[in-house]
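K.L.:
In the numbering used here, the protein residues as written are 14 to 77.
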């Protein structure tokens, strides 16, 4: 919802599974841009899609 309301970048916890990443992109109709350099440490929390422990933070945004 944040992505569609604002033309910006959203950061979210992610488990690191590539299949989960593809499902996130499909669910929000946006693209994963990558991992912020400062997110190399374990973020804590749970993946926004599957609920598994997050391994990193991803940046998600609409692409044009």
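We put the beta carbon where it would ideally sit given N, CA and C, even for glycine.
On the premise that residue 44 lies in contact with residue 38, defined as a C-beta separation below 8 Å, what is that separation, rounded to the nearest angstrom?
P.N.:
Correct: roughly 6 Å between the Cβ atoms.
K.L.:
DSSP three-state call for residue 61: helix, strand or coil?
P.N.:
The answer is coil: DSSP assigns residue 61 none of H, G, I, E or B.
K.L.:
Considering just the uninterrupted stretch of the beta strand (DSSP E) at residue 41, what are its terminal residues?
P.N.:
Careful: residue 41 lies outside any beta strand (DSSP E), inside the alpha helix (DSSP H) at 31 to 41.
K.L.:
State the Cα-Cα distance for the pair residue 23 and residue 72, rounded to the nearest angstrom.
P.N.:
Residue 23 and residue 72: Cα-Cα distance of roughly 6 Å.
K.L.:
Could you please give the first and the last residue of the uninterrupted beta strand (DSSP E) stretch that includes residue 46?
P.N.:
Residues 44 to 47.
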